[in-house]
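Before any comments, here is the structure.
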Amino acid sequence: MPSVAVLLSVGRHPASGRARRAPLDARALEMAFSLPNAAVHAIHAGNPDEPALRDYLGMGMERLTVLSIPRDGDPVPALTAHLEQLSPDMVLCGSRAEGGEDSGMVPYLIAHALGYAMVADIAAVSASAATATLTQALPRGRRRLIETGLPVVATVNTAAPAPRQSSFGRARRGVIDILAADAPPDTLADQCEIRPWRPRPKRMRLAAAASAADRLKAMTETRSGEGAVMIQPSPEEAARAIYAYLVEKRIIGDGS
Amino acid sequence: MIAAALSGLMLTTLAAGALLAVLNARRWLAGQAASVDLVGGLLALPQRYLGDVHHVVARKPYNALFHALVAGGFLASLPLILLAALPALRGWLLWTALALCLAVMLAGALMVGWRRGVARPSELSGGGFARLPFALLAYAVCLLIVAVDQLAGEALPQTISLTLVAIGALAAADLILGVGRGPLKHALNGALHLIAHPRPARFHHGTRDTAIRALDLTGQKLGTERPVDFAWNRLLGFDACVQCGRCETVCPAYAAELPLNPKKIIQDIAAALDPAATDRAYAGHHHPGRSPGEAHGGRLLPLVGAGAMIHPDTLWSCTTCRACVEECPMMIEHVDAVIDLRRFETLERGATPGKAALALEELRAADNPSGRPASQRIEWAADLALPLIADRGECDILLWLGDAAFDMRGQRSLRALIELLRRAGVDFAVLGADELDCGDLARRLGDEATFQDFARRNIALLGRYRFNRILTNDPHVLHVLRKEYPSFGGRYTVVHHTALLLELIEAGRLAPRGSGRSVTFHDPCYLGRYNGEIEAPRRLLDALGLERIEMERSGLRSSCCGGGGGAPLTDVAGKKRIPDIRMDHARATGAERVAVGCPNCTIMLEGVTGKRPAVADIAELMLEAVA
Amino acid sequence: MTGKRRDPRAERQARLIAGGERKRFALGAVPQPAGRPRRDPRSLRRAATVPGGVRPRIDWHGGARMAARPGPDARPQSQPEIRITADPAFLVLAVADHPGGALSEHDRETIGAARSLADAGGGAVAVLTSGTVEGLAEAGADRVLSVPAGHIGDYDPEARTAAVLAAIDLLKPRHVLFPESAEGGADLARRVAALSGERLFGGVASLSADAASRRMRGGAMEMAAAPPRLMSIAENAFAAHDGVRHEARALDAPAFAPVRRIGTVTPLAIEAGTLSLADADFILSGGNGVTDWAAFAELGRVLGATLGGSRVVCDEGHLPRDRQVGASGSLVTARCYLAFGIAGAPQHLQGITEVRHVVAINTDLHAEMIKRADLAIIADAQAVMPALVAHAKERRDA
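Chains as they are written, first to last, in my numbering: chain A, 158 to 413; chain B, 13 to 639; chain C, 10 to 407.
Set out below in structure tokens:
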């Protein structure tokens with residue numbers, strides 16, 4: 158019966174800015190649920206009164222442990238201390254939070270501090286007594302299978318199965334266990350200037366056009382096709398043309 | 013001797029029937045307590061039966077006639093037969109009266125026989141119902157002969173008379189003992205249901221009691237999980253179903269072969285009141301694509317589930333269009349049942365299917381179902397410089413933009429409406445980015461918590477301003493604001509844009525010119541059936557000088573576009589699409605255009621591919637006419 | 010900034026055609042004088058003015074200046090110039106992903122960002138790779154630190170982390186830049202940060218010698234500070250180095266010893282059929298014009314494409330709902346979209362705006378999909394599918 162700790166953060170809706178369950182952490186929790194017979198420990202370091210934490214309870218956990226730390230505290234020491242005591246086989250969390258610094262460092266720092274193996278961006282997991290088999294998701298649907306000894310810290314990315322719905326009834330009944338914890342203040346924010354994100358003009362790949370007019374046209378025009386048209390070819394001609402095009406653009410390898 | 017045998021047998025049968033009825037009543041009495049005005053209900057019973065029920069039944073005059081003949085003849089024959097127990101009363105008067113009653117019943121029974129044996133409408137159930145014409149005929153014929161024979165001074169040999177009495181009594185037993193499981197259950201339960209109806213206000217004429225009841229969110233269990241979680245009078249209603257199949261013939265989901273038959277869903281709940289229940293005894297059409305024997309349940313078992321009485325796909329196929337409720341002669345509230353079951357699925361199990369769960373999550377976090385920034389509700393109208401009520405504090409008409417404001421098609425309709433308001437010089441303003449979702453979608457998907465949150469926040473927001481009326485072009489908004497917010501303390505005069513535009517024409521503030529082009533009007537369910545507004549849009553179209561052609565199903569009996577109840581989000585697959593079916597109705601009229609009065613209908617009907625009439629909101633048609 | 014004065018003599022000399030007894034001058038094309046030409050604001054503005062339109066529109070983008078002031082790059086280069094920074098003031102280390110052994114666009118952008126830091130203060134860019142990687146000089150690398158590929162397989166983040174730490178130890182770079190990529194760069198950056206105990210400034214979106222900024226709070230805010238040592242560079246935020254080749258001098262790779270905790274790694278074959286549409290690289294999509302769905306699926310298998318479809322076919326149940334492409338389905342980013350029998354409703358086209366190559370087969374010449382296509386074939390989709398299956402099989406077997 159593997160013991161899985163899931164680190165949960167409070168997310169932030171991109172449009173409204175309201176607190177919500179963080180989508181990637183919810184996926185991590187869903188992944189923990191998918192492990193047969195796993196004892197799942199859900200842990201959050203932050204404000205225990207945050208209502209959005211109930212969204213996680215609504216996914217069907219009876220309890221959620223909150224390490225109560227001040228708003229600008231560094232959660233890593235508290236989490237590390239708690240996990241050291243818990244000594245889980247596996248620590249799961251989303252690959253990136255969306256409500257704070259969003260550095261993505263927490264799992265790495267914890268893995269380093271506890272001497273656990275660290276695997277990023279997993280989409281699926283299975284565990285046996287001493288090893289875990291993790292499916293890592295790469296861009297364009299590529300996957301690799303990573304086998305590693307336990308304990309391991311793994312971050313979950315968007316390729317993992319979507320989290321189950323959070324239900325009001327379960328969220329209402331779930332219990333939040335509050336543990337006091339120390340957190341040294343994080344000073345990085347003080348050294349930085351924090352300001353609202355100002356969207357920058359999107360960098361476009363420059364069309365190598367001779368005149369300014371052509372460049373403007375290339376950038377503002379809605380994309381339309383190159384416009385090679387074959388009208389009523391025989392099916393065989395059409396097939397040859399399509400195949401040749403796919404080979405030319407290296408979409409498929411030519412068999413020969 | 014014959015008379016004594018007859019009345020004796022009848023008395024025994026009635027006593028057995030009464031016992032069975034009591035036993036049967038224990039099934040539905042297992043439900044939750046409900047506050048019911050029994051005396052008021054009893055007093056109102058004649059009016060409810062002769063008025064409301066007859067109004068529905070009489071939509072099929074043949075059925076109304078045979079029902080009156082059979083039921084009237086049969087019920088009248090019973091006391092007469094019992095009276096025959098008293099020798100003093102056995103005279104020509106009694107026998108003539110009985111013969112007359114039975115003759116009337118015979119006529120009705122022949123009509124029933126013709127309907128079930130010859131016409132055979134496919135929505136009727138078989139099983140116990142298949143025996144019905146035979147029992148009716150046997151009872152009426154045999155006892156009619158006996159009565160006439162008694163009048164004639166017992167001309168028939170006694171053995172024949174006794175045989176006839178025996179056959180008649182057997183038929184009577186089949187009928188009367190049917191109060192337990194058979195067709196006659198509907199007579200007793202139907203009457204009791206009319207007395208103890210969960211929505212007595214629906215019988216008050218002039219109101220359409222269509223608002224979903226608020227749910228106490230502090231309750232132990234939210235929504236309905238098992239049969240016994242329904243209130244007893246609602247179980248009684250389900251148990252009263254006579255399986256006439258009228259709901260089935262009007263259900264848009266059933267027509268599109270989504271796995272939902274409203275008749276079956278009611279039967280599923282009623283059957284689940286028995287221990288070790290299955291749906292094997294059910295002898296009507298199943299939920300399309302599902303086969304008998306898959307369903308299992310019991311009064312203490314969950315109703316919804318893959319192997320339970322109701323498959324989740326069935327539950328989530330419903331568009332909450334209320335066509336079934338509108339057609340039901342037993343006054344059963346199908347949609348309330350669907351919503352209560354959905355509430356448990358969503359609030360307790362977190363099992364809202366498809367993209368609906370995602371939409372609910374976005375609603376909670378961003379106040380609109382697609383998770384857009386609030387400012388987008390009004391950004392598209394930057395050029396219109398809409399007056400914000402926050403800047404002015406008051407206005408005559410508060411224009412509710414609704415979620416259509418996030419959709420490019422919806423924006424087109426809103427633009428037309430705003431342009432008309434400007435031309436007519438209406439003093440209006442909008443909430444703009446402060447506006448929240450009205451909560452309709454959340455409530456129909458069973459998420460009462462999110463709905464109540466929206467209701468409270470919107471009411472608080474509206475309380476900050478002064479306005480006379482709220483205007484909306486979305487009947488879902490109209491319904492929720494007008495009928496469902498009052499339970500949370502928000503009372504507003506809400507007007508649909510078709511009603512307001514008509515008002516403006518009648519007041520001479522807008523003068524449309526006729527074009528004579530043909531149009532057919534698609535009644536939005538939430539405007540027509542939910543709110544009874546079917547006249548204003550039609551008068552408005554006529555005022556626009558359009559040639560109006562009615563579809564086969566229109567007005568209160570209109571057919572749904574498939575866009576309600578979150579159905580586009582739960583997205584249960586069927587063989588056909590609901591909007592395609594509705595567009596077929598529109599095509600059949602030959603009209604050039606379909607006029608709609610709901611942004612959801614616009615989207616659904618415009619999504620129909622192939623050659624079809626153009627779809628236009630009434631405001632767009634009107635703008636054309638005043639241009 | 011004064012330009013060089015005009016020198017009629019030199020101009021005349023430039024027009025001189027060599028050879029022959031008499032002096033001959035070419036009076037047509039005037040070869041550009043070497044060195045910096047005189048700046049002519051008016052002609053620059055004229056060149057930058059976009060013709061047409063009611064309002065004057067000026068495009069100050071590089072092209073105009075280039076056109077008015079062709080530098081050495083504009084001339085056909087028989088011998089490419091190489092820029093050598095022999096004695097840099099400091100080093101900027103860029104760590105490349107180079108998936109499959111070739112620099113990715115994101116790698117180039119990262120090296121480009123490193124270049125801008127180095128160029129601002131007389132520094133040099135060192136690039137760390139494992140194995141030999143082509144094109145580093147063009148990408149702007151002054152130094153190349155190549156760890157033997159044998160050490161580090163396709164995925165060995167622990168060894169790469171050790172290699173980066175060793176390289177940092179060796180070169181003492183002022184900055185270390187990683188691509189903030191899912192190919193391994195983002196992971197590597199965090200491993201290095203965790204092991205070195207330094208803060209990582211991850212996903213940098215703007216960068217100068219004085220300030221770097223990155224998004225935070227779910228992208229709503231940004232934090233800016235003087236560029237720290239460890240940074241990872243957001244995708245599509247910086248221009249790749251474009252122009253002069255750099256030296257790309259190879260340095261001796263340092264020795265390193267990783268701490269290994271990750272066990273065996275097996276790459277999995279891409280199962281195109283099971284990929285989500287958002288992930289897919291090559292999508293075969295069907296619409297109303299397809300009736301034989303078995304042949305459609307067969308074609309998908311043969312070509313190794315992920316299947317998708319229009320709303321109508323998903324409504325009709327020919328494909329599951331998660332295969333729907335379009336505004337109400339999935340927005341896809343595939344490189345190639347092969348559309349059979351799709352007319353191209355606006356909602357559908359919204360779903361494929363990011364697709365690079367579109368091939369459409371449709372009977373209607375005026376279908377929107379045909380207009381969008383790079384290769385359009387006016388034919389019956391139903392007839393082309395089996396022909397394409399046969400052709401593809403034939404070529405495979407050949």
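Cβ atoms here follow ideal geometry from the backbone N, Cα and C, with glycine treated the same way.
| Item | Value |
| --- | --- |
| Straight-line Cα distance separating Leu443(B) from Leu433(B) | 16 Å |
| Cβ-based burial, Asn314(A) [other Cβ within 10 Å; buried from 16] | buried |
| Contacts around Gly557(B), its chain only, beta-carbon distance under 8 Å, and the 5 residues preceding and following it disregarded | Pro524, Arg525, Gly526, Ser527, Gly528, Ala637 |
| Cutoff 6 Å; reference Leu57(B); Cβ partners in own chain excluding five residues on either side | Leu206, Ile207 |
| Beta bridge counterpart(s) of Leu100(C) as assigned by DSSP | Ala133(C) |
| Neighbour flag for Gly383(B) against chain A, beta carbons, 8 Å | yes |
| Whole-angstrom distance between Ala284(A) and Glu238(C), CA atom to CA atom | The residue you asked about is not Glu; residue 238(C) is Arg in the sequence shown. Whole-angstrom Cα-Cα distance: 38 Å. |
| Chain-ordered chain A contacts of Pro236(C) [CB-CB under 9 Å] | Within 9 Å Cβ-Cβ: nothing; Pro236(C) doesn't reach chain A, min ~12 Å. |
| 6 Å Cβ shell around Met616(B) - same chain, five flanking residues per side excluded | Cys573, Gly574, Gly575, Pro591 |
| For Val620(B), the three-state DSSP class (helix, strand or coil) | coil |
| Cβ neighbour criterion (16 or more within 10 Å) applied to Ile408(A) | buried |
| Proximity test, Arg71(B) beta-carbon vs the ligand GTP heavy atom, cut-off 7 Å | No copy of the ligand GTP appears in this structure; indeed no ligand is present at all. |
| Below-8 Å beta-carbon distance, Arg220(A) vs any chain B residue | no |
| Complete runs of the alpha helix (DSSP H) confined to the stretch 341-371 of chain C [at least 4 residues] | 355-359 |
| Neighbour list for Leu359(B) in chain A, Cβ cutoff strictly below 8 Å | Ser324, Phe325, Gly326 |
| 4-residue-minimum alpha helix (DSSP H) runs that sit fully inside the stretch 197-244 of chain A, ordered along the chain | 210-214, 232-243 |
| Alpha carbon of Glu406(B) to alpha carbon of Leu398(B), nearest angstrom | 14 Å |
| Three-state class that DSSP yields for Ala202(C) in the structure shown | helix |
| Cα-Cα separation, Phe305(C) to Ala320(B) | 37 Å |
| Pick from Arg299(A), Leu403(A), Arg355(A), Ala281(A) that is closest to Gly109(C), judged by C-alpha positions | Arg299(A) |
| Expected contact under 8 Å - CB spacing of Ala172(A) and Ala417(B) to nearest Å | Not really, about 15 Å apart at Cβ, beyond 8 Å. |
| The stretch 242-250 of chain A in contact with the stretch 180-188 of chain A per 3-pair CB rule at 8 Å | yes |
| DSSP bridge partner residues for Val185(C) (one or two, in chain order) | Leu102(C), Leu239(C) |
| For Pro356(A), the three-state DSSP class (helix, strand or coil) | coil |
| Residues of its chain near Ala282(B), where Cβ-Cβ distance is below 8 Å and the 5 sequence neighbours each way are ignored | Leu247, Phe250, Asp251, Cys253 |
| Residue interval of the alpha helix (DSSP H) (run including Ser160(A)) | Premise fails: Ser160(A) lies in the beta strand (DSSP E), 160-164, not in any alpha helix (DSSP H). |
| Nonlocal neighbours in the same chain, by C-beta distance under 6 Å from Gly577(B), ignoring five residues either side | Cys330, Thr331, Thr332, Arg456 |
| Stretch pair the stretch 226-245 of chain B + the stretch 307-315 of chain B: three plus CB contacts closer than 8 Å | yes |
| Within-8 Å CB hit, Gly228(C) to chain B | no |
| Beta-carbon neighbours of Arg589(B), restricted to chain C and to distances below 7 Å | Asp324 |
| Contact check, Ala97(B) vs Leu163(B), beta carbons under 8 Å | no |
| According to DSSP, residues forming a beta bridge with Gly251(A) | Val313(A) |
| Neighbour-count burial assignment, Ser570(B), 16 or more Cβ in a 10 Å radius | buried |
| Extent of the continuous alpha helix (DSSP H) run through Phe265(C) | No alpha helix (DSSP H) contains Phe265(C), which DSSP labels as neither H nor E. |
| Minimum Cβ-Cβ distance from Asp419(B) to chain C less than 8 Å | no |
| Secondary structure, beta strand (DSSP E): runs of 3+ residues fully inside the stretch 260-337 of chain A | 274-284, 288-294, 300-306, 309-313, 332-337 |
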